[in-house]
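S.K.: Structure incoming, see below.
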Amino acid sequence: MTVQETVALLPEKPVQGRIKCIVWDLDHTLWDGVLLEDDEVYVREHVVEAIHELDRKGVLHSVASKNDRDTALEKLRVLGLDKMFLFPQIGWNAKSESIQRIAKALNLGLDAFAFVDDQPFELAEVAHQVPQVTCVDILELHEALERPEFQPRFVTDESALRREMYQGQIARDELESEFVGTNEEFLASLEMSFTIAPALRDDLQRAEELTVRTNQLNSTGRTYSYEELDALRESPDHLVLVASLTDKFGSYGKIGLALVEKGEEVWRLNMMLMSCRVMSRGVGMVLLNHIMRLAAEAGVAVRADFVETGRNRMMQVTYAFAGFREVSRDGAHVVLEADLSAVQPPPSYVQLEIVE
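Pasting the structure below:
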């Protein structure tokens with residue numbers, strides 16, 4: 003079975019809550035009027051209300067506008083809206099190019115984006131160049147926002163903090179770009195604290211969201227529903243672990259999930275995933291080594307299912323660095339086994355907290 007065939011067999015992401023970021027035009031969309039031509043423009047209050055409501059639900063926002071960048075940013079600042087938009091693209095590039103830049107900066111797939119504009123030409127250009135993006139005419143905004151793809155299935159405690167988490171990441175990236183020293187010295191400067199704990203029922207909404215949102219660093223590409231995760235959490239034969247991370251810039255939230263099936267002789271790591279935002283921090287290795295340590299204490303081996311989706315190569319490398327080696331293969335489905343004599347302590351730049 004080829005990688006493409008394996009990916010085709012994986013469950014599709016649910017329609018509900020598929021939109022993770024809305025990209026807005028400015029003139030005649032966020033406000034009435036043309037900024038560079040009219041004496042004054044007037045913000046559309048119903049649009050601003052929608053932006054704030056979606057922000058509370060964890061939906062991100064950005065801007066793609068053909069405008070003078072400094073003038074538009076200043077207007078957003080005066081309106082008190084500048085902090086609402088991540089990586090705004092304001093200039094004279096094609097809107098499709100702007101959206102692709104935002105998607106790359108946020109590390110989200112294009113199918114997680116919606117684009118709102120008043121101009122049929124701009125909507126058509128985006129629809130043609132990036133057909134994965136959901137295009138919405140501003141005149142149809144109210145009806146569009148009622149559709150399932152704009153409504154997250156769950157609104158968790160982390161949802162209202164999502165924009166702040168991304169803004170914290172922007173600050174980290176800026177610090178890293180200016181940092182003089184080794185990568186390990188930079189990571190030490192972040193003062194990271196990594197927590198691993200058994201999943202509680204309150205964690206399961208976010209855990210389901212992780213399986214749906216995180217595809218690049220999902221070891222099997224599979225999604226799990228709230229109900230499936232709750233059943234596993236209640237099972238004495240399974241271990242459901244969630245991982246969270248904080249540093250001096252704030253919380254990353256819950257960014258990792260591991261599902262372990264506990265057999266008498268072998269523990270099976272059915273799935274592990276990590277948010278793309280934190281994989282470069284080395285915490286994937288920390289979670290894997292914690293599971294290996296628990297298995298060694300229980301006197302059992304550890305095997306892990308891995309499905310090569312073509313997008314999770316970085317997770318595969320993490321398994322290899324943690325001491326997992328391939329023991330069988332059926333097409334893109336690989337079984338890996340851990341070398342429990344190679345369990346590694348957490349790196350010195352991470353403070354590890356284990357919650358029993």
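All residue numbers for the sequence shown refer to my numbering, where the first residue is 3 and numbers rise by one. Ideal Cβ positions, reconstructed from N, Cα and C, are used throughout, including at glycine.
Would you call S2 buried or exposed, if buried means 16 or more other Cβ atoms sit within 10 Å of its Cβ?
M.R.: This structure leaves residue 2 out entirely; the chain is present only between 3 and 358.
S.K.: Less than 7 Å between C-beta atoms, sequence neighbours within five positions excluded: which residues of the same chain meet that for L147?
M.R.: In the sequence shown, residue 147 corresponds to position 145, counting from 1. Excluding residues within five positions, the ones whose Cβ falls inside 7 Å are A52.
S.K.: Buried or exposed: H144, going by 16 or more other Cβ atoms within 10 Å of its Cβ?
M.R.: Here residue 144 corresponds to residue number 142 of the sequence shown, with the count starting at 1. Exposed, because fewer than 16 other Cβ atoms sit within 10 Å of the Cβ of H144.
S.K.: Flag this pair as yes or no: are the beta carbons of M276 and L234 separated by less than 8 Å?
M.R.: On the sequence shown, position 274 is the one that residue 276 refers to. On the sequence shown, position 232 is the one that residue 234 refers to. Contact flag unset, no.
S.K.: Going straight from the alpha carbon of T222 to that of V43, what length do you get?
M.R.: Mapped onto the sequence shown, residue 222 falls at position 220. Mapped onto the sequence shown, residue 43 falls at position 41. Their backbone Cα atoms lie some 50 Å apart in a straight line.
S.K.: Can you tell me whether DSSP reads R270 as helix, strand or coil?
M.R.: Position 268 of the sequence shown, counted from the start, is the residue given in the question as residue 270. Of the three classes helix, strand and coil, the one that applies to R270 here is strand, per DSSP.
S.K.: What whole-angstrom Cβ distance do S195 and Q353 have, given they're in contact under 8 Å?
M.R.: Within the sequence shown, the letter at position 193 stands for residue 195. Within the sequence shown, the letter at position 351 stands for residue 353. Right, their Cβ atoms sit about 5 Å apart.
S.K.: Relative to the C-alpha of G252, which residue among L163, F326 and Y226 is closest?
M.R.: The residue you call residue 252 lines up with position 250 of the sequence shown. Looking at the Cα atoms, L163 is the closest of the given residues.
S.K.: Give the DSSP-derived three-state secondary structure of L321 in the structure shown.
M.R.: Looking up residue 321 in the sequence shown gives position 319. In the sequence as displayed, the identity of residue 321 is Tyr instead of Leu. Note: Y321 maps to helix in three-state DSSP.
S.K.: What is the DSSP secondary structure of E145, reduced to helix, strand or coil?
M.R.: Translated into the one-based positions of the sequence shown, residue 145 becomes position 143. Helix at E145.
S.K.: Among residues of its own chain, excluding the 5 on either side of D341, which ones have a beta-carbon nearer than 8 Å to its beta-carbon?
M.R.: As a first step, residue 341 must be located in the sequence shown, where it is residue number 339. Cβ within range, chain order: G325, F326 and R327.
S.K.: Any idea if T184 is buried or exposed, counting beta-carbon neighbours within 10 angstroms, 16 or more meaning buried?
M.R.: For this step, residue 184 is matched to residue 182 along the sequence shown. T184 comes out exposed.
S.K.: Grab the span of the beta strand (DSSP E) containing K264 for me, first residue to last.
M.R.: Here residue 264 refers to the residue found at position 262 when the sequence shown is read from its first residue. Where K264 is concerned, the enclosing beta strand (DSSP E) stretches over G252 to K264.
S.K.: Flag V50 as yes when its Cβ comes closer than 7 Å to any non-hydrogen atom of the ligand PLP, and as no otherwise.
M.R.: Annotation note on the ligand PLP: not contained in the displayed structure, which lists no ligands.
S.K.: So what does DSSP say about H63, is it helix, strand or coil?
M.R.: The residue you call residue 63 lines up with position 61 of the sequence shown. Of the three classes helix, strand and coil, the one that applies to H63 here is strand, per DSSP.
S.K.: Which residues does DSSP list as the beta-bridge partners of A199?
M.R.: Taking the sequence shown and counting its residues from 1, the one referred to as residue 199 is at position 197. Note: A199 sits in a beta bridge opposite V244.
S.K.: Taking 6 Å as the limit between beta carbons, can you name the residues of its chain near V36, skipping five residues before and five after?
M.R.: Locating residue 36 in the sequence shown gives position 34, where the first residue counts as 1. Here the set comprises D29.
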